[in-house]
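Chains as they are written, first to last, in the UniProt record's numbering: chain D, 1 to 512; chain E, 1 to 512.
C-beta atoms are modelled at their ideal positions from N, C-alpha and C, and glycine is treated no differently.
Computed from a predicted structure; not experimentally measured.
This report concerns only the one structure given below.
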């Protein structure tokens, strides 16, 4: 579709990360910008939507294995419903798109296009839940939401409409709801680490950065190659705030009426942004074989006199791989040469290229090339399925290792304010500091260098605190989950900004 | 959740079809009505959403096998885009919900919440298509759309927001686009007949009832038990109308620029309405095993002294069925008796009930009962998987046969106006009549008895006409498709209303 000279990536990932990202998204045919009059919207093309479908399939399977059912709630929320939980309306009102006219009439009450659905789901949970037998109750929906942010558009990272899933659950006890919160956070971590080849950190958002109305907001954070953190997904323990506002109560075994504890949790197509940004390079998109639309592309290399023999051999290999359930593409176009094809499939992110020429056909081999680094392997024709699958694992491991190396070498510790500012300024990445817990100390840093506290570790202490404040609810300590991300030893520590005693370990970073 | 006396269906399917339907939807936990201020909207509960997921899975698999890729286009369409195809704006404008304010600002141009997406997809098809090599191009999206109809809400049949898929394709020739139109219509027919156990008629809408801007609108029509027809899905051949309006052109092999031919096609959750309405009865929901959330429910029947033995046997059967991939539910609740359980699972539409008591455990048998008619079969324990699967087929065949009998016995022929009015008035169903093709003659009938022309057969003549008017496009006659639904012999016939010569066979019916 494009002229040859337009095909390749012209921007540098290291020097112009933003422009490079936009170019990869466009040229790998992932997305287009929205039409005139709709800046901030994107059109998700099939090659990107296919990635989203694989994320959906991975998560949806795990949700269903762990008691979640899908449902569908209306696109609109009456303003009065949005106002029933005051923090929700304060948190989202500035970003809401409103429908005031429909079917040529003014509406009596204006309707919000859903920015998130707690306010319309909670009233139905209230209807559906009568007794402890109805708990836990878990519903999820895959939808789009609209949040009218004024910031610059960045496909999959910042758009006024985005695709996501939102799960909503109700539980009898605080301990059950907290276990649910962590179960979903762990499923998000697995989506990043086991499907998208991106290591993440688990943490909690500071008090002032929680989801509106939440008791605790947990997050998985991924480090992008430009040193900024991406909030990869969030899982909220909502306490009884929404249950109180929307009357979600149940009759317990002892006939007492109790208020339920609720959670909500969501992962958006921002995961695709992180995927594209993390692995891709100056040749274009790089994808792990787990999600790539084509996992392996076969490029036959022939002269007129070898064409028939090479093509027959290549088709046979393609059929063999296809029969084994491998997503294989045989690029037998006559009107493009192999070099052009190599470039095009590299741009589109196919993880493994199989080259088949007269030598391979004669020797009974296939030459396999890894997309990330060009490593070349000679595979035996007779073992092609097993070898290709092994190479998929090898490519995945390579991508994960590179991302892990970036992450591990970019978590630093700062003991003083100047060290914090200097480290973020010089290296980006995460900087762990002792913190008093006061928002003002974060603001001071934010004003100076646009870095914020993206998370604090979910310590076993905090888990305990969640439980021990819950004396009446039959807490089961087995349900608590420990995070991998450890706190600093805060004994005698003082806040890196204000010098008051430190109670938390703050992970500062610039963020998307 | 409900009191016992509220559990059952109280309305009669035959005498109060509308009230009965609403009661089944509510009590089988399929949907709730929307909140105050949002009449016309429904909340789709997990038991109904699960049905939609099976419809999605069935169709989506077939779409992908036939060259369709999923994508996602924005929820909103700028008013100016909607106006670029004049018939679209005239057809949908009265039903559009408008966003005029977002993020606390008035928008410069108001945005339509998508009522259908031709107007926002076509401009991108225009960008993506350059040469004949890019054709055919096929995209589909699974979304909701909003159409602000003023009529009374009927869950899944008439709601202001509904879930659907919309496919959009572009082709080089009229013949290719027509073949695409019929391919999708046949996939819709298969969804009804092979998944939902509902026979349908294929036809075309009369000229005046086509999709706005379409050349031809084809439809599958299903007959409901109250004698009304439901438009089950539509597939539109759009000609070059949209391609002209949105500049969808391609460079042909001879370097000439040509206008593409486009199609669009959609199936909505109305299919769920037809499913519920067709098979269910005065005991509640009836579902074919193909889509039922639970395909078989095991109800163990015990006394204190036999409990352990019966439950162990029942669990073993359940595991056996589960291992075979059958969706089985073992209802081992202690606090409900078997009669209560029978009623509850009948209400919820489980196609097959397995009763296991001490006799079955001793004899090595399982008693299987068909939901639709209570037929009982004694299955050998050792052959339980095969027998259950056979009984699924038997239940499916039973449901299909009943619906087919209803359909076949309700297609009648009328030669005169009074015969047409009398037959529809007395029997409902479809009445085939010779018709001149004039809208006025339909209006006369509509005014008198609220019946309309729901379809005319897609005759092989019409297929030929599609092709022969297409002299420049390399028509391939193999791509034409014949419909099963035959026209009357119209030789010397006159229109049933106006007595002018008849050119069409009209299927009159009342419709949803």
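Could you list which residues in chain E have their beta carbon closer than 9 angstroms to that of residue i, in chain order?
i, result
"residue 266 (chain D)", "Here the premise fails: no neighbours, minimum Cβ distance about 17 angstroms."
"residue 326 (chain D)", "Going along chain E, no residue has its Cβ under 9 angstroms from residue 326 (chain D), so there is no contact; the nearest lies around 16 angstroms."
"residue 248 (chain D)", "Chain E residues near residue 248 (chain D): none, gap ~14 angstroms exceeds 9 angstroms."
Just to make sure I have the definition right: I need the residues of chain D whose C-beta is within less than 8 angstroms of the C-beta of residue i. Which are they?
i, result
"residue 132 (chain E)", "None at all; the shortest Cβ gap to chain D is about 12 angstroms."
"residue 100 (chain E)", "98, 100, 101"
"residue 139 (chain E)", "46"
"residue 454 (chain E)", "Residues of chain D passing the Cβ test: none, with the nearest at roughly 25 angstroms."
Note the first and the last residue of the continuous beta strand (DSSP E) segment covering residue i.
i, result
"residue 342 (chain E)", "Counting along the chain, residue 342 (chain E) falls outside any beta strand (DSSP E), though it belongs to the alpha helix (DSSP H) covering 338-347."
"residue 289 (chain D)", "Segment: none, residue 289 (chain D) is in no beta strand (DSSP E) and carries neither H nor E."
"residue 14 (chain E)", "Residue 14 (chain E) -> no beta strand (DSSP E), and no H or E assigned at all."
"residue 77 (chain E)", "76-78"
"residue 258 (chain E)", "257-259"
"residue 412 (chain D)", "411-413"
"residue 446 (chain D)", "First-last for residue 446 (chain D): 439-449, but that is the alpha helix (DSSP H), not the beta strand (DSSP E)."
Please classify residue i as buried or exposed, where buried requires at least 16 other C-beta atoms within 10 Å of its C-beta.
i, result
"residue 57 (chain E)", "exposed"
"residue 360 (chain D)", "buried"
"residue 288 (chain E)", "buried"
"residue 78 (chain E)", "buried"
"residue 418 (chain D)", "exposed"
"residue 508 (chain E)", "buried"
"residue 210 (chain E)", "buried"
"residue 427 (chain E)", "exposed"
"residue 478 (chain E)", "The predicted position of residue 478 (chain E) is uncertain, since its pLDDT is 36 and thus under 50; a value taken from the coordinates is nonetheless stated next. Exposed, because fewer than 16 other Cβ atoms sit within 10 Å of the Cβ of residue 478 (chain E)."
"residue 331 (chain D)", "buried"
"residue 171 (chain E)", "buried"
"residue 472 (chain E)", "With a pLDDT of only 35 at residue 472 (chain E), under 50, the local geometry of the prediction cannot be trusted, and the value read off the model is given with reservation. Result: exposed."
"residue 279 (chain E)", "buried"
"residue 496 (chain D)", "buried"
"residue 174 (chain D)", "buried"
Could you tell me which chain D residues have their CB closer than 7 angstroms to the CB of residue i, listed as they occur along the chain?
i, result
"residue 70 (chain E)", "46, 49, 53"
"residue 109 (chain E)", "37"
"residue 276 (chain E)", "What residue 276 (chain E) touches in chain D: nothing, since even the nearest Cβ is about 16 angstroms away."
"residue 144 (chain E)", "75"
"residue 291 (chain E)", "Near residue 291 (chain E) there are no residues of chain D at all, since even the closest Cβ is about 15 angstroms away, more than 7 angstroms."
"residue 286 (chain E)", "None at all; the shortest Cβ gap to chain D is about 21 angstroms."
Name the chain D residues whose beta carbon is nearer than 9 angstroms to that of residue i?
i, result
"residue 104 (chain E)", "93, 94, 95, 96, 148"
Find the residues of chain E that neighbour residue i, judging by a C-beta separation of less than 8 angstroms, and give them in chain order.
i, result
"residue 163 (chain D)", "72"
"residue 127 (chain D)", "32"
"residue 431 (chain D)", "Under the 8 angstroms cutoff, chain E gives no residues; its nearest Cβ is about 33 angstroms from residue 431 (chain D)."
"residue 384 (chain D)", "In chain order: nothing, as chain E lies at least about 25 angstroms away."
Check the Cβ of residue i against every Cβ in chain E and list those closer than 7 angstroms, keeping chain order.
i, result
"residue 579 (chain D)", "Here chain D has residues from 1 to 512 only, and residue 579 (chain D) is not among them."
"residue 124 (chain D)", "32, 43"
"residue 458 (chain D)", "What residue 458 (chain D) touches in chain E: nothing, since even the nearest Cβ is about 30 angstroms away."
How far does the alpha helix (DSSP H) with residue i in it extend, from its first residue to its last?
i, result
"residue 62 (chain D)", "46-65"
"residue 124 (chain D)", "118-128"
"residue 270 (chain D)", "270-279"
"residue 184 (chain E)", "174-190"
Short-range partners of chain D found in the stretch 25-57 of chain E, where Cβ spacing is below 9 angstroms: 29, 32, 34, 35, 36, 37, 38, 41, 42, 43, 44, 45, 46, 47, 48, 49, 50, 52, 53
The stretch 79-93 of chain D: positions lying closer than 9 angstroms to chain E by Cβ: 79, 80, 81, 93
Segment contact, 8 angstroms Cβ cut-off, at least three pairs: the stretch 125-140 of chain D with the stretch 214-230 of chain D: no
Three CB pairs or more closer than 8 angstroms across the stretch 347-365 of chain D and the stretch 289-303 of chain D: yes
Given 8 angstroms, three or more beta-carbon pairs between the stretch 90-98 of chain D and the stretch 140-153 of chain D: yes
Cβ contact (3+ pairs, closer than 8 angstroms) linking the stretch 435-448 of chain E and the stretch 185-195 of chain E: no
Validate contact between the stretch 257-265 of chain E and the stretch 240-249 of chain E using beta carbons, cut 8 angstroms, 3 pairs: yes
Three or more C-beta pairs below 8 angstroms linking the stretch 65-72 of chain D and the stretch 108-127 of chain E: no
The stretch 338-348 of chain D contacting the stretch 375-393 of chain D, beta-carbon criterion three pairs below 8 angstroms: no
Cβ contact check for the stretch 150-163 of chain D and the stretch 29-47 of chain D: 3 or more pairs under 8 angstroms: yes
Inter-stretch contact (C-beta, 8 angstroms, three-pair minimum) for the stretch 374-391 of chain D and the stretch 318-333 of chain D: yes
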